[in-house]
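As structure tokens, the structure follows; a few thoughts come after it.
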Amino acid sequence: MVDLAGVDLMLDPQHPLASRLLALSLVLPVAGTAALLFGGKFQRGKVYEQRTQPPQRWPGLLSVVLAALSLACSVTAALVTRAGGTISIDGGEWIPGLGPAVSLYLDWLSAALLLLLDVIGLMVLCFSLGYMKGESDQRRYFGGLLFFIAMMKLLILSGSYLLLFAGWEGVGLASYLLIAYHFERPLAAHAATKAFIVNRIGDAGFLLAIIALGFSCGSTNFTVVTAASGAIPHGTLVFICSMLAIGAVGKSAQFPLHVWLPDAMEGPTPVSALIHSATMVCAGVYLLVRSTPLLTLAPEVGIGISILGAVTALLGATVALAENDIKRVLAYSTISQIGFMFLALGIGAGHAGMYHVVTHAFFKSLLFLGAGAVIHSLHGEQNLVHMGGLRKQMPVTFWCMCIGALTLAGIPGLSAFFSKDLILEAGLESGYKFIAIVGFATSVITAIYAWRLIALVFLGETRGHHLTPHPTSPSMRVPLMILAGCCVLVGWIFVPIQWNAWRIMLGSLTAAILGVGIAWYFYVNRPRARNIIDRRFAPIEAFLRNRWYIDAVYEEHLMEGIVYRTAQGAAVADTLVVDGAVNASAWFSRQLSAASGSFDRNAIDGVVRFVSATTRFFSWPFRAVQTGMIQTYLLIFLAGALAALGICLSR
Amino acid sequence: MIGPFHYLAVSALLFAIGIIGVILRRNVVVVLMSIELILNAVNINLVAFSRVHQHAIGQTFALFVMAVAVAEAAVGLGILISLFRNRGTVLADELDLLKW
Chain A
1 MVDLAGVDLM LDPQHPLASR LLALSLVLPV AGTAALLFGG KFQRGKVYEQ
51 RTQPPQRWPG LLSVVLAALS LACSVTAALV TRAGGTISID GGEWIPGLGP
101 AVSLYLDWLS AALLLLLDVI GLMVLCFSLG YMKGESDQRR YFGGLLFFIA
151 MMKLLILSGS YLLLFAGWEG VGLASYLLIA YHFERPLAAH AATKAFIVNR
201 IGDAGFLLAI IALGFSCGST NFTVVTAASG AIPHGTLVFI CSMLAIGAVG
251 KSAQFPLHVW LPDAMEGPTP VSALIHSATM VCAGVYLLVR STPLLTLAPE
301 VGIGISILGA VTALLGATVA LAENDIKRVL AYSTISQIGF MFLALGIGAG
351 HAGMYHVVTH AFFKSLLFLG AGAVIHSLHG EQNLVHMGGL RKQMPVTFWC
401 MCIGALTLAG IPGLSAFFSK DLILEAGLES GYKFIAIVGF ATSVITAIYA
451 WRLIALVFLG ETRGHHLTPH PTSPSMRVPL MILAGCCVLV GWIFVPIQWN
501 AWRIMLGSLT AAILGVGIAW YFYVNRPRAR NIIDRRFAPI EAFLRNRWYI
551 DAVYEEHLME GIVYRTAQGA AVADTLVVDG AVNASAWFSR QLSAASGSFD
601 RNAIDGVVRF VSATTRFFSW PFRAVQTGMI QTYLLIFLAG ALAALGICLS
651 R
Chain B
652 MIGPFHYLAV SALLFAIGII GVILRRNVVV VLMSIELILN AVNINLVAFS
702 RVHQHAIGQT FALFVMAVAV AEAAVGLGIL ISLFRNRGTV LADELDLLKW
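Going down the list, the protein sequences come from chains A and B.
Per our numbering, residue 1 is the first one in the first sequence, and the count goes up by one each step.
Per our numbering, residue 652 is the first one in the second sequence, and the count goes up by one each step.
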């Protein structure tokens, strides 16, 4: 039993060493965050000055060492779950009535995500060593990343919805802080605010779900909720599941709350790789997979989630087709791929969705880090129009990103082929035909934009003549190669291939090859033909380029219409009610003080003046004698003496 | 023959002159001098009655009065100088600080 800040943690008696290592892998990044953000010489309120100081090396190296140690701990602890074992560390009640909330729980699901987070976190931190070399405020950057890793670990390892929510908010905060790393740029600051506010909507839903769970189950602990899920009334269950889904939709950037993710690309690219593609945005998927016992009892919510996922998958893929900012292409790709996962979740294929989370995390962080390397080499150029022909200058990046893009496209043999296949298979088996159709259509479009990206960046002619790329450092190349290796291998390690589903495999193979072929034709072979297509389908082009007009609708109708009107109404209420109350109280106290002042001046001063005037009135004969003239006094004295003499003589 | 009455008359005259000087003159120097006149009138009285009663105590007392007058003149003139330094005047009617 370990006493940790007043909470008694019961270590798992079956795995004492593994549970200690698990706790250590959570504590290490926390300690790193504390050391980086709060330790050492810290100049309060001088962030601007810190940004002009020369860059330091130690924050990055410390973070990499801590992440590596943490990875080692996680791997050792996760070995327990090989044969279906679990580790649980139980703490006390956090909030009375919500059951034992402070508890860590590790099973195959959280172990997979834990290893994923630690591997990709380590890769991203290594990559950041090179990518952030010239930045002056290293401590804030690496401290933020470690904070994110710690909070994500809390989210993954927590054994209750309540503790999961704590991690959930923690990663939201970390995301906000890192998007706004370049806070002096208005776009970055605005994007961070947008991400935070849009996430608020989802988080409100999640919180409502937790409260409802607490009321109906008396606990938010996963095991207790699973056991009690059958006894929850169906209406309440639907409410809980819908609210959980809203939370997941917000965090995982699904339609209609997806608008924050493309803007979040204002953050540094490694941050996008770790937080906004690989791990945090998949937290929603994790949440829903954790809630499978609840979701299976409310299939109508499940189908809703599937429809949302299908819409999002199609939306993200089509918008990525027309987007010209390299990072935004990847952001919309992320939205689309998570849509795929949601699509799988809703029809009861949680394992397939989770599998896609893992494969997606590897290839998408690879693509993002590759994009980071490209952007770094081109001195911050992000527009695809100004790239091209980088194959010769950056061969390692080229080949790694090729593997990433082909994985994204779903080429057989690479990891995402298997996971995507499982999802499509589940879609066909579910009986909802449109889901399978959308899935296949999205697969084709995905392959097109994946290869379009490679073609525009690396193939063809160099279009940005003013740019001379500078070479990438080893600390940036090595993570790319490792992640590329993971992309190839992860699929073979985890999945039992069902060869009897060969029809679907053939279908997705056709989709992938078709998509890559189309992209090859239009972006490598015949760039001219693309212009004709662009002209002929100009309205569609505009529709995609404007992101289905969703952002515009939000800006105009939601922001201008509802939010602005509400703000105006609130302003009127402010002036009338709040200011009115203030003014009334001011008027009242003014009247009161006027009355009090008048009483003071008239009654009290009157008494005082009356006393003094009376005294003055009765004293005047005596005062009149006092002339102050010595000779007058002498005269009176003389008169008195003469009178006394006269009286004496007259006797 | 000059008798005590003559002395008393001169003394009374001097006393009256002194009193008038003290009360009417504005200059404090003159007032002090008038006080000397009053004292001298007293001295004449004392010496005259000493002669009438054939007793030396009167003359002795006159000598004391002179001594005291000298001291009084010294103190009075000192006060006067201090007064002039502080107030810039020695006119009695302008010195009315004893009021109320």
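In this text, a Cβ means the ideal position worked out from N, Cα and C, and glycines have one as well.
What does residue i reach in chain A if we use C-beta pairs closer than 7 Å?
i              : result
V673 (chain B) : L634
Provide the residue span of the alpha helix (DSSP H) that contains residue i, from first to last.
i              : result
L106 (chain A) : Careful: L106 (chain A) lies outside any alpha helix (DSSP H), inside the beta strand (DSSP E) at S103 to L106.
S473 (chain A) : No alpha helix (DSSP H) contains S473 (chain A), which DSSP labels as neither H nor E.
I403 (chain A) : P395 to A409
I335 (chain A) : I326 to G346
S70 (chain A)  : W58 to A78
I179 (chain A) : Y161 to I179
S650 (chain A) : I630 to S650
I87 (chain A)  : No alpha helix (DSSP H) contains I87 (chain A), which is instead part of the beta strand (DSSP E) from I87 to D90.
Q138 (chain A) : Q138 to L157
F656 (chain B) : P655 to L675
D605 (chain A) : D605 to V625
V385 (chain A) : Neither: V385 (chain A) is in no alpha helix (DSSP H) and is coded neither H nor E.
V741 (chain B) : Note, V741 (chain B): premise wrong, no alpha helix (DSSP H); not H, not E.
G302 (chain A) : P299 to A322
S685 (chain B) : V679 to H704
N199 (chain A) : P186 to C217
L36 (chain A)  : P16 to F38
K364 (chain A) : G350 to S377
T292 (chain A) : T292 to L295
Under a CB-based cut-off of 8 Å, is residue i close to chain B?
i              : result
T614 (chain A) : no
G628 (chain A) : yes
L638 (chain A) : yes
A644 (chain A) : no
C648 (chain A) : no
Below 8 Å on C-beta distance, what does residue i contact in chain A?
i              : result
I732 (chain B) : Chain A residues near I732 (chain B): none, gap ~18 Å exceeds 8 Å.
Any beta carbon from chain A within less than 8 Å of residue i's own beta carbon?
i              : result
L749 (chain B) : yes
A743 (chain B) : yes
I670 (chain B) : yes
Anything in chain B within Cβ reach of residue i, meaning under 9 Å, just list it in chain order.
i              : result
Q631 (chain A) : V673, I674, L675, R676, R677, V682, A743 and D744
Report the residue from the options whose alpha carbon sits nearest the alpha carbon of residue i.
i              : options                           : result
I307 (chain A) : A:I347, A:I504 and A:R590         : A:I347
L665 (chain B) : B:I653, B:L683, B:R676 and B:A692 : B:A692
A373 (chain A) : A:H470, A:F362 and A:Y286         : A:H470
I504 (chain A) : A:L314, A:A191, A:V259 and A:I423 : A:I423
A344 (chain A) : A:L367, A:L257, A:G580 and A:V311 : A:V311
A248 (chain A) : A:G205, A:A273 and A:S88          : A:G205
R547 (chain A) : A:F418, A:G439 and A:P256         : A:P256
G410 (chain A) : A:M387, A:I448 and A:V301         : A:I448
E425 (chain A) : A:M354, A:W502 and A:G388         : A:W502
A83 (chain A)  : A:D107, A:H190 and A:L71          : A:D107
R677 (chain B) : A:T632, A:T472, A:S650 and A:L645 : A:T632
I515 (chain A) : A:V444, A:A570, A:G580 and A:A484 : For the record, residue 515 (chain A) in the displayed sequence is Gly; it is not Ile. Checked all of A:V444, A:A570, A:G580 and A:A484; the closest Cα to G515 (chain A) is A:V444.
Nearer than 7 Å: is that true of the beta carbon of residue i relative to any heavy atom of the ligand FAD?
i              : result
L145 (chain A) : The model on display carries no ligand, and the ligand FAD is accordingly not part of it.
field: Runs of alpha helix (DSSP H) wholly within the region 512–582 of chain A (minimum 4 residues, chain order)
entry: 527–536, 538–545, 550–553 and 564–573
task: Could you name each continuous alpha helix (DSSP H) segment of 4 residues or more that falls completely within the region 409–453 of chain A, going from the start of the chain to the end?
output: 415–430
4-residue-minimum alpha helix (DSSP H) runs that sit fully inside the region 227–288 of chain A, ordered along the chain: 234–251, 260–263 and 269–273
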